[in-house]
Amino acid sequence: MGRDVVENLEQSIRLVVQEVIKNLDLQAFPAGAPGAATSQGHGIFADIDSAIAAAKIAHQELMQLPLETRKAMIQNMRQTILENNERLSKKAMEETGLGRWQSKMIKHRLVALKSPGVEDLEPVSYTDDHGLTLVERAPYGVIGSITPTTNPSSTVVNNSIGMIAAGNAVVFNPHPGAKEVSCLTISLLNDAIVKAGGPRNLLSATPKPTIESAQA
Numbered sequence: 001m002g003r004d005v006v007e008n009l010e011q012s013i014r015l016v017v018q019e020v021i022k023n024l025d026l027q028a029f030p031a032g033a034p035g036a037a038t039s040q041g042h043g044i045f046a047d048i049d050s051a052i053a054a055a056k057i058a059h060q061e062l063m064q065l066p067l068e069t070r071k072a073m074i075q076n077m078r079q080t081i082l083e084n085n086e087r088l089s090k091k092a093m094e095e096t097g098l099g100r101w102q103s104k105m106i107k108h109r110l111v112a113l114k115s116p117g118v119e120d121l122e123p124v125s126y127t128d129d130h131g132l133t134l135v136e137r138a139p140y141g142v143i144g145s146i147t148p149t150t151n152p153s154s155t156v157v158n159n160s161i162g163m164i165a166a167g168n169a170v171v172f173n174p175h176p177g178a179k180e181v182s183c184l185t186i187s188l189l190n191d192a193i194v195k196a197g198g199p200r201n202l203l204s205a206t207p208k209p210t211i212e213s214a215q216a
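Numbering (full-length UniProt numbering), first residue to last: 1 to 216.
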């Protein structure tokens with residue numbers, strides 16, 4: 001089977017997969033459903049249900065965007081964390097009372113530069129006498145992430161980059177002892193996503209996390 005034929009088949013299958021995911025999302029959560037009305041800005045919502053609702057809408061919008069836009073989003077997210085490294089590091093130490101802010105700067109830089117991005121999404125195709133098989137990774141949709149009080153902001157960064165690169169939206173339920181720095185990190189990353197042409201509220205959270213909100 002010629003290379004051009006294989007590439008055309010891969011593209012056709014990719015479009016079919018994207019359309020199926022889009023239709024599943026629309027059936028599960030129609031556009032225009034409630035959620036955004038209770039936003040406190042930058043992906044932070046008064047309650048966890050509104051955060052989840054907004055993330056579902058954001059995921060629908062993400063599925064309509066090309067991979068190049070997602071690459072730009074990830075690059076902006078990395079750069080934003082590097083630019084706000086000291087601010088986030090000091091905030092994390094002050095709020096949690098744990099560790100040294102200088103050490104947290106090292107961790108922020110590590111996750112900003114080394115968290116897996118879209119480069120890990122290369123499709124794999126197999127051909128033989130029986131035909132063609134294309135293996136291509138598909139997103140889960142909306143992922144829930146419960147983050148700790150130890151290294152809270154760097155955990156948010158790592159989860160956000162990896163999960164968004166894979167085509168997902170993320171709803172965070174941060175540890176109550178690190179809620180302020182976690183929400184600040186989420187807000188900064190959301191701004192970076194929007195500046196790159198991505199959807200609002202792709203990352204979301206509530207400023208008053210509880211055990212109940214984690215179980216929602």
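Note that beta-carbon positions come from the ideal geometry of N, C-alpha and C, so glycine has one too.
Residue i, enclosing alpha helix (DSSP H) - first and last residue
| i | result |
| --- | --- |
| Val171 | Premise fails: Val171 lies in the beta strand (DSSP E), 169-174, not in any alpha helix (DSSP H). |
| Ser187 | 179-195 |
| Leu110 | 101-114 |
| Glu119 | It is not in any alpha helix (DSSP H) - Glu119 carries neither H nor E in the DSSP assignment. |
| Ala214 | 211-214 |
Pairwise C-alpha distance: residue j and residue i
| i | j | result |
| --- | --- | --- |
| Ser187 | Ser103 | 23 Å |
| Ala216 | Leu110 | 32 Å |
| Ala192 | Met77 | 5 Å |
| Lys179 | Asp120 | 30 Å |
| Ala112 | Ile81 | 6 Å |
| Gly162 | Val156 | 10 Å |
| Phe45 | Thr69 | 25 Å |
| Ala214 | Ile52 | 11 Å |
| Ala54 | His130 | 44 Å |
| Ser204 | Asp128 | 45 Å |
| Asn159 | Thr133 | 30 Å |
| Ile211 | Ser125 | 44 Å |
| Gly99 | Asn173 | 22 Å |
| Gln27 | Ser50 | With a pLDDT of only 43 at Gln27, under the threshold of 50, the placement of this residue in the model should not be trusted; the figure read from the coordinates follows. About 18 Å. |
Endpoints, the beta strand (DSSP E) within which residue i is located
| i | result |
| --- | --- |
| Leu82 | That residue, Leu82, is in no beta strand (DSSP E); its alpha helix (DSSP H) goes 67-83. |
| Ser160 | No beta strand (DSSP E) holds Ser160; the alpha helix (DSSP H) holding it covers 152-165. |
| Ser125 | 124-128 |
Identity of the residues DSSP links to residue i by a beta bridge
| i | result |
| --- | --- |
| Tyr140 | DSSP output for Tyr140 lists no bridge partner at all. |
| Ser204 | Val171 |
| Ser145 | Phe172 |
| Gly131 | Asp128 |
| Ile48 | BP columns for Ile48 are empty, so no partner. |
Residue i Cβ short of 6 Å to the ligand PLP heavy atom set
| i | result |
| --- | --- |
| Glu122 | Ligands in the displayed structure: none, and consequently the ligand PLP is not present. |
Cβ separation of residue i and residue j, assumed to be a contact under 8 Å, to the nearest whole Å
| i | j | result |
| --- | --- | --- |
| Asn190 | His42 | 5 Å |
| Ile48 | Thr206 | 5 Å |
| Ser154 | Ser182 | Contact flag wrong, Cβ pair sits at about 10 Å. |
| Pro148 | Pro176 | That belief does not hold up - the Cβ atoms of Pro148 and Pro176 are roughly 11 Å apart, past 8 Å. |
Are three or more beta carbon pairs between the stretch 142-151 and the stretch 163-173 nearer than 8 Å?
-> yes
Kindly confirm or deny that the stretch 74-93 and the stretch 129-138 touch, where touching means at least three C-beta pairs closer than 8 Å.
-> no
For the 8 Å Cβ check, are there 3 or more pairs between the stretch 61-76 and the stretch 195-214?
-> yes
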